[in-house]
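Those letters in the sequence shown? Residues 3 to 378, per this note's numbering, in order.
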Amino acid sequence: MRFRMKPGCLFGSVHRLPSKARCCHGEERNLTLTAWLLIGVCVVIPVIDALRDVQVTVPQAVRRGDNAMLYCHYDMDGENLYSVKWYKGRREFYRYTPKENPAMKVFPVAGVQVKRAASNESQLMLVGLNMMASGKYSCEVSADAPSFHTMIVTGDLEVCEVPKHVPFIHGIRPRYRVGDIVRGNCTSAHSRPAANLTWFVNEVQANPSHIRIHKPSRDHKTDLETSVIGLHFVVSNHHFQNGKLKIRCSARIHEIYMQSTEKSIDEERPRVISAASSSSSSSSASSPNSNSNSNSINLIQNIPYDQFSQLDNELDRKDYMTHLQGDMSSSSGSASSPTRSVPSISSTRFLTVLVEATGLLIVFHHLLKFDTISIT
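This is the structure in C-alpha cells:
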C-alpha cells in the first residue's frame, strides 16, 4: 500500500493507492517536493541577504552647547536603499529618501536641531545641544522593493553640564606627623550629572576603607548636582617619601571632563634643643648680670610657629600641647636659676642706697650721744 501527497501542498491529504500506480505516483511526489524547495530558496535567500550589519555610533556624552555627529552604518548587499530615518525616542525627526525630491526631510522635535549641510543618508549632525536633547536615538534603514526589509538600531546620548571649577580639597593641613589622622573632603560643585570623585595617595588610588562617600546634593533651582567624598586615615612612616606626602582628588564625567587638584604635605618632626644651647643657658645662670628674658624668648622661638596657626584638629592640638609642656618643663629645669632669679640692681643704684643708709645711721648715732632721744 502506498501514500500520495496532493500537488501544491507540502503536507497534503493521505490517500490509499493501488499497487499498480507505484511508479507514476512516486515520480509525482518527488517533483512536488523539489518544486517547493526551489520556491522556498528563491523567497528566503533574497530576504536574508538584502540588508545586514546595521550599526549606529552615538556619542555617550556631550557638553551642553556643543555639537554631536551621529552615524548609521549598514550593508545593502546589492539591494537599493529606500529610506533612512532617525528617531528621538519614538518621534521621527529626520528622513532621507533617495528617490524623493527633496530627499532630506526634517521634523521638529524639542531639543533637536539638525544641520542639513552636514547630514546625509549615513550621518547626522546635531548642533547647539541642550539638556532636552538627552535620550535614545534610533536609526531605521529600509531596503527598496521587492523585499522592503527594515532594521532599526538604537544608541543613548547624554548632554552634560560640567563644573566651572576644579575640585576643591578642604580640611587638609600642610604638615602632619607620623600617627596623626588625616581628615579631609573633596567637593565638585554644580554639574549634571554629579562628577565621580576619586582619592589618590602618592599616585595610588586610596584604600576603599579610607573613603567616605556622601550622597550628591541637588540644587532645585538649577537642577545641578554637587558631589562630595571624604578621606580618613592614620599617617604612617611609609606615607612620607623624601619628607613629602601627596594627596590628589580627581573629578570625572564620562569621557568629556577630567580635572584634578593635588596637595603636598610636609612631614613634621619635633624640634630638639641642642646641647650647645643648654650649656649657654647654664653659663648664663651662673652670671647674675645675664638677661634671663632673652633665654626664654630664644626657647619659644625654637618652637615652629605654624604648629599653632594650622592646628584645626582639637585632638591633635591637645596631644601636641601635652608634648610641648613636657619639653618646656625639661628645658626650664636645666636653666632654673636664671628663670627664677630677680633682675639684679645696677651698681650705681646700689651705691646710692648704701650712702643713704650710712647717713641715716650716723645721724641716729649722734642723737643717742647727746641724749636727744632715749631708748627704753
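We put the CB at the ideal spot given by N, CA and C, even for glycine.
In the DSSP assignment, His-234 falls within the unbroken beta strand (DSSP E) covering 227-236. In the DSSP secondary-structure assignment, Arg-118 is not bridged to any residue.
Each residue's CA atom was taken as its position, placing Thr-263 and Pro-165 some 14 Å apart. Burial check for Ala-145: the Cβ neighbour count within 10 Å reaches 16 or more, so the residue is buried.
In the DSSP assignment, Gln-57 falls within the unbroken beta strand (DSSP E) covering 54-59. Cα atoms of Gln-243 and Glu-160: separation of roughly 42 Å, rounded to the nearest angstrom. Taking all protein chains in view, the Cβ of Arg-351 is surrounded by fewer than 16 other Cβ atoms within 10 Å, so the residue is classified as exposed. Ranking Ile-215, Lys-265, Asn-239 by CA distance to the CA of Arg-250 puts Lys-265 first.
For Ser-190, the enclosing beta strand (DSSP E) begins and ends at 183-193. With a cutoff of 9 Å on beta-carbon distance, Cys-74 and Val-143 are scored as near each other.
The beta carbon of Ala-63 sits closer than 6 Å to those of Glu-160, Cys-162, His-256, Ile-258, all from its chain and outside the five residues before and after it, given in chain order.
The segment 229-247 makes contact with the segment 187-207; the number of CB pairs closer than 8 Å reaches 3 or more. The C-beta distance from Tyr-96 to Trp-88 rounds to 4 Å, short enough to meet the 8 Å contact threshold.
Assigned with DSSP and collapsed to three states, Asn-198 falls in strand. Of the candidates Thr-360, Ser-85, His-192, His-192 places its Cα closest to the Cα of Asp-225. Residue pairing by DSSP places Asp-77 opposite Arg-54 in a beta bridge. Beyond the five residues adjoining it in sequence on each side, Met-260 comes within less than 6 Å, by CB distance, of Arg-254 in the same chain, given in chain order. Secondary structure at Val-143: strand, using DSSP grouped into helix, strand and coil. The segment 124-133 makes no contact with the segment 102-111; the number of CB pairs closer than 8 Å stays below 3.
Scanning its chain for C-beta atoms nearer than 7 Å, with the 5 sequence neighbours on each side dropped, one finds around Met-71 the residues Gln-125, Met-127, in chain order. Between His-212 and Leu-233 a beta carbon distance of about 6 Å is seen, short of the 8 Å cut, so the two are scored as contacting.
The residue among Ile-154, Gly-186, Tyr-98, Arg-179 with its C-alpha nearest the C-alpha of Val-58 is Ile-154. Taking every protein chain shown into account, the CB of Ser-190 has 16 or more other CB atoms within 10 angstroms, so this residue is buried. Distance from the Cα of Val-60 is smallest, within the candidate group Ala-112, Ser-140, Thr-354, for Ser-140. Exposure of Arg-220 is indicated by the presence of fewer than 16 other C-beta atoms within 10 angstroms of its C-beta. The C-alpha of His-172 lies about 29 Å from the C-alpha of Arg-66. Under DSSP, Phe-170 forms a beta bridge with Thr-189. Arg-177 and Lys-223 have their C-alpha atoms some 40 Å from each other. Tyr-96 is bridged by DSSP to Trp-88, Val-108. For Glu-81, the closest alpha carbon among the candidates Val-357, Met-133, Leu-53, Ser-252 is that of Leu-53. In this structure, Tyr-84 lies near Phe-150, with their beta-carbon atoms less than 9 Å apart.
Distance from Val-114 to Ala-135 at the Cβ level is roughly 6 Å; contact confirmed, criterion being Cβ atoms closer than 8 Å.
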